[in-house]
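A short worksheet on the structure shown next.
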Amino acid sequence: MLDFINPYYLQIGSFILINILLAISVYVPLSSGQLSLGSAGFMAVGAYTSALLTINFDLPIYIGVLAGACVAGILGIVIGIPSLRLTGVYLAIATLGLGEVIRVIFVNWDSVTKGSIGLTGVPQIGRELLTLVRGFGFQPDMIGLKNNQFVYLMVFLLLFIIVIATLLFFVRQQNSRVGRSFSSIQMDEKAAESMGINIMYFKVLAFAQGAFLAGLAGALFAHVMGYISPSDFSYHRAVEILIFTVFGGSEVIIGSIFGAVFLTLMPEVLRFVSEYRYIIYGIMLVILMAVRPQGILDIHLLGRFKGIKGSKGGAR
Amino acid sequence: MVLEIQNVSKNFGGIHALKNVSFSLKEGEIYGLIGPNGAGKTTMFNLITNIFEVSSGEIIFNNDNITGLKPHKITDKGICRTYQNIRLFSQMSALKNVMVGGHTRSSSGVFSSVFRTKAQRNEEAQLYEKAEELLELVGLLELKDTLAENLAYGQQRRLEIARALASNPKLLLLDEPAAGMNEKETDSLYDLIKLIQSKGITVLIIEHDMPLVMKLCDRITVLNFGEKLAEGTPIEIQNNEAVIEAYLGKEEEEEIA
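These protein sequences, in sequence, are chains A and B. Read in order, the letters of the first sequence are residues 399 to 714 in my numbering. Read in order, the letters of the second sequence are residues 21 to 277 in my numbering.
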């Protein structure tokens, strides 16, 4: 019974949800004109903070995750302020460098992080939830689920709720005074400033929100996987996250979501062509960037879907 | 005095863009700033809004020394400007552009926006209403949902004025608002600026369209090579020898002599 609840699909679903958070962590600073490639680094900070707190101090997972996201967010403020001087590709290079620095620190800080071997035995959200519900006398087989089905389902649902809450947060923010400030800074920083917008405040805010979100995603990643190592947060991860946003459409929040879903599924769907799948994936990206540099979804396309004028295209 | 420019100078390296310029604006007047290209008119705007820092001198706004204040704080005090080369938020609708202009007159932050508090919703509704009002004033209400980049040139200029007005300025700086406009558009611009004046807003305007300037302005300052050449009413300026010389050049014999 309920065999369709397949742990393999649920796990891919969970990765998609974490990747959506990561894609939004690129989108938010970008919506204020800041191209940050530091998401992998902030993700590492969130993951290690939460993992170390829960392993070494037996803190509950939710406190670890919150702490991980906050530490990443604070680091975002600390990095965001000096980065105000940098724009465009220079900011991208600096944040990419930051990510590598963070990774190298985790590799070399052996006594705490176990170096490149990584941390094992990170408490897993699914198992903890299972223990919790068993404490109330509930057994998964009471609703016809096997234990591992239940675990993966719970993880998926929890992540789903977090993603929905995050989306609600950012869509509402985008359609407010704060979001308008972000967009105006992105479109013309000088004009935004002469409209009375405190550029420094809003840019650091957007940057720190992105860092917080990447930290949150990293911490959740650690507690879903149960194992992390510095190679999870390498340069490749930074580029992968960037591609979610750029591929899906960096002008609208729905673009990031689409990019994360599509590009996480693609290698799985292309499994039947086995070793060629990354070649196909690569070719697709090259073609897209040549033909449609703004990404698949943009305000004009969304406007056409909704049958209204472009300006109401959701995120702007 | 709404605005007092006191002995303001600006050097870019060894170049004196402005040398000891002083003038002041009375409340409610339309004040023209004219002069040949490169005279330092736009530089003066950039100094007033502190996009460039003054090299020396002081700028007093409503008896408040605003020299060196951050640009966004200056807008907050009640000075707002338009740009010579239109700087709208091109991918935003006309209405949103004007709503951004209301930034300093609103205060919602992240949390009130995300939780849609009553105060935030009221504020948004007010901003929206005010923006519609201003779009109507500049005659763009039917185009409120059009992206700024899709508006015609003259419409973009008027939208910039509406956006600046949304900040409730006491002093409005207009940098060549009639540039590229045809006669009909210029006429409606005249009416618009007069209307703005009637609302008690002081206007400082840079403009090359002389008939418009002479018709519109109460007083005028002429700049030439960064120095103040003359100040006075339009009639006085039109009959000023030095001004005529700066615009038309000297008589040929005099130049040889």
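For each residue, glycine too, the CB sits at the ideal point set by N, CA and C. All figures in this text were calculated on a predicted structure; none of them were measured in a lab.
Assigned secondary structure, residue i (DSSP; H/G/I helix, E/B strand, else coil)
i	result
Lys-601 of chain A	helix
Ala-658 of chain A	helix
Ala-37 of chain B	strand
Asn-27 of chain B	strand
Cys-100 of chain B	strand
Lys-46 of chain B	coil
Ile-706 of chain A	At Ile-706 of chain A, the pLDDT of 47 sits below 50, so the modelled position is not reliable and the matter cannot be decided from this model.
Phe-548 of chain A	helix
Asp-696 of chain A	coil
Lys-248 of chain B	strand
Asp-195 of chain B	strand
Phe-558 of chain A	helix
Phe-65 of chain B	helix
Gly-129 of chain B	coil
Arg-136 of chain B	coil
Gly-58 of chain B	coil
Glu-649 of chain A	coil
Gln-432 of chain A	coil
Gln-537 of chain A	coil
Thr-206 of chain B	helix
Asn-142 of chain B	helix
Glu-73 of chain B	coil
Pro-458 of chain A	coil
Leu-686 of chain A	helix
Met-593 of chain A	coil
Arg-635 of chain A	helix
Ile-106 of chain B	coil
Residue i, buried or exposed, once every other Cβ within 10 Å from all chains shown has been counted against 16
i	result
Val-28 of chain B	buried
Ser-709 of chain A	Here the model assigns Ser-709 of chain A a pLDDT of 43, short of 50, so the residue's position is not dependable and the matter cannot be decided.
Glu-196 of chain B	buried
Leu-193 of chain B	buried
Asn-244 of chain B	buried
Gly-34 of chain B	exposed
Ile-225 of chain B	buried
Gly-200 of chain B	exposed
Ile-641 of chain A	buried
His-698 of chain A	exposed
Pro-691 of chain A	exposed
Gly-711 of chain A	Legend: pLDDT at Gly-711 of chain A = 40, less than 50; position of this residue unreliable, value from coordinates given subsequently. Looking at its Cβ environment, which holds 16 or more other Cβ atoms inside 10 Å, Gly-711 of chain A is buried.
Ala-59 of chain B	buried
Tyr-599 of chain A	exposed
Leu-147 of chain B	buried
Ala-262 of chain B	exposed
Asn-70 of chain B	buried
Ser-412 of chain A	buried
Met-552 of chain A	buried
Per-residue contacts from residue i into chain A (C-beta, under 8 Å)
i	result
Thr-278 of chain B	This structure does not reach residue 278 of chain B, given that chain B is present from 21 up to 277, and the question cannot be answered.
Phe-245 of chain B	By Cβ distance, chain A contributes nothing, its closest Cβ being about 26 Å from Phe-245 of chain B, past 8 Å.
Arg-183 of chain B	Met-593
Interface partners of residue i on chain B, CB under 7 Å
i	result
Ser-648 of chain A	In chain order: nothing, as chain B lies at least about 12 Å away.
Residues bridged to residue i (per DSSP)
i	result
Ser-113 of chain B	B:Leu-167
Gly-52 of chain B	B:Ile-225 and B:Ile-240
Asn-85 of chain B	B:Ile-80
Tyr-625 of chain A	A:Thr-518
Phe-1 of chain B	What the structure shows of chain B is the stretch from 21 to 277, and residue 1 of chain B is not part of that stretch, so it cannot be assessed.
Amino acids of chain A, ordered along the chain, whose beta-carbon sits closer than 9 Å to that of residue i
i	result
Gln-175 of chain B	Neighbours of Gln-175 of chain B on chain A: none; closest Cβ ~15 Å, over 9 Å.
Met-119 of chain B	Arg-575 and Arg-578
Thr-63 of chain B	Result: empty, since nearest Cβ-Cβ is about 15 Å, beyond 9 Å.
Ile-71 of chain B	Lys-588, Glu-591 and Ser-592
Arg-136 of chain B	Arg-570 and Ser-574
Arg-101 of chain B	Ser-592
Partners in chain A for residue i, counting only beta-carbon separations shorter than 7 Å
i	result
Arg-141 of chain B	Under the 7 Å cutoff, chain A gives no residues; its nearest Cβ is about 10 Å from Arg-141 of chain B.
Arg-312 of chain B	Because residue 312 of chain B is not part of the residues shown, which for chain B are 21 to 277, the question remains open.
Next item on the list: Using a Cβ-Cβ cut-off of less than 8 Å, list which residues of the region 578–595 of chain A approach chain B; keep chain order.
Entry: Interface annotation for the region 578–595 of chain A against chain B: Arg-578, Ser-579, Ser-581, Ser-582, Met-585, Asp-586, Lys-588, Ala-589, Ala-590, Glu-591, Ser-592, Met-593, Gly-594 and Ile-595, criterion Cβ-Cβ distance under 8 Å.
Check: What are the residues of the region 557–572 of chain A that lie near chain B, defined by any Cβ-Cβ distance shorter than 7 Å?
Finding: Interface annotation for the region 557–572 of chain A against chain B: Phe-567, Arg-570 and Gln-571, criterion Cβ-Cβ distance under 7 Å.
Next item on the list: Taking a Cβ distance cut-off of 9 Å, strictly less, list which residues of the region 498–519 of chain A are near chain B, in chain order.
Entry: So the list is empty, because no residue satisfies the distance condition.
Next item on the list: Give, in chain order, every residue of the region 186–198 of chain B whose Cβ lies closer than 7 Å to some Cβ of chain A.
Entry: The region 186–198 of chain B vs chain A, Cβ under 7 Å: Ser-187.
Check: Can you list, in chain order, the residues of the region 84–95 of chain B whose Cβ is nearer than 7 Å to any Cβ on chain A?
Finding: Listed by position along the chain: Pro-91, His-92 and Thr-95.
Next item on the list: Residues of the region 109–134 of chain B with a CB closer than 9 Å to any CB of chain A: list them in chain order, please.
Entry: For chain A, the residues of the region 109–134 of chain B that bring a beta carbon within less than 9 Å of one of its beta carbons are Phe-109, Ser-110, Gln-111, Met-112, Ser-113, Ala-114, Leu-115, Lys-116, Asn-117, Met-119, Val-120, Gly-121, Gly-122, His-123, Thr-124, Arg-125, Ser-126, Ser-127, Ser-128, Gly-129, Val-130, Ser-132, Ser-133 and Val-134, in chain order.
Check: Between the region 227–256 of chain B and chain A, which residues of the former have CB atoms less than 9 Å from a CB of the latter, in chain order?
Finding: For the region 227–256 of chain B, which is checked against every Cβ of chain A, not one residue is closer than 9 Å.
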